[in-house]
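Have a look at the structure below, then the notes.
In the numbering used here, the protein residues as written are 55 to 180.
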């Protein structure tokens with residue numbers, strides 16, 4: 055283990071208050087939320103079991119919380135109501151506020167309106 059990771063290694067939790075491991079050195083049986091999601095699992099209300107620290111130059115370390123895989127629960131399936139709500143939200147993100155049409159893509163938040171409405175002179179030139 056490199057010397058820089060020595061500051062991040064605390065398996066007993068005496069320094070950080072919970073077991074802490076350097077980045078990529080977490081023991082088997084622990085996973086982050088993203089890793090659980092990739093396996094089709096969720097933390098399911100369990101407390102944080104440990105953390106992973108990744109030191110950075112001139113800034114504080116990145117922290118990722120770890121959960122026990124054996125106590126994780128399966129991801130809840132999408133219900134028809136959730137699918138409808140998601141479709142409605144995505145439709146709203148594609149609808150131009152100025153011309154009220156479906157742009158066919160997610161409208162950039164920097165513009166707030168579709169590209170033809172934001173740059174009408176460029177659309178006429180082409």
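C-beta atoms are modelled at their ideal positions from N, C-alpha and C, and glycine is treated no differently.
- Message: Suppose the cutoff is 8 Å on Cβ atoms and the five residues either side in sequence are ignored; what does the same chain contact list for residue 130 look like?
- Response: The residues 96, in chain order, have a CB closer than 8 Å to that of residue 130 in the same chain once the five nearest residues on each side in sequence are set aside.
- Task: Look up residue 151 in the DSSP assignment and say whether it is helix, strand or coil.
- Result: coil
- Any chance the region 90-108 sits against the region 136-151, with 3 or more Cβ pairs inside 8 Å? no
- Pick from 68, 74, 138, 173 that is closest to residue 108, judged by C-alpha positions: Residue 108 has its Cα closest to that of 74, out of 68, 74, 138, 173.
- Query: Is residue 153 buried or exposed, if buried means 16 or more other CB atoms sit within 10 Å of its CB?
  - Reply: By the Cβ-count criterion, residue 153 is exposed, with fewer than 16 other Cβ atoms from all chains shown falling within 10 Å of its own Cβ.
- Message: Do residue 167 and residue 147 have their beta-carbon atoms positioned less than 8 Å apart in this structure?
- Response: no
- Item | Enclosing alpha helix (DSSP H) for residue 88 [first to last residue] | Judged by DSSP secondary structure, residue 88 falls within the alpha helix (DSSP H) whose first and last residues are 87-92.
- Query: Shortest alpha-carbon distance to residue 117 belongs to which of 87, 133, 150, 135?
  - Reply: 87
- Alpha-carbon spacing of residue 151 relative to residue 93, whole angstroms: For residue 151 and residue 93, the gap between their C-alpha atoms comes out near 39 Å.
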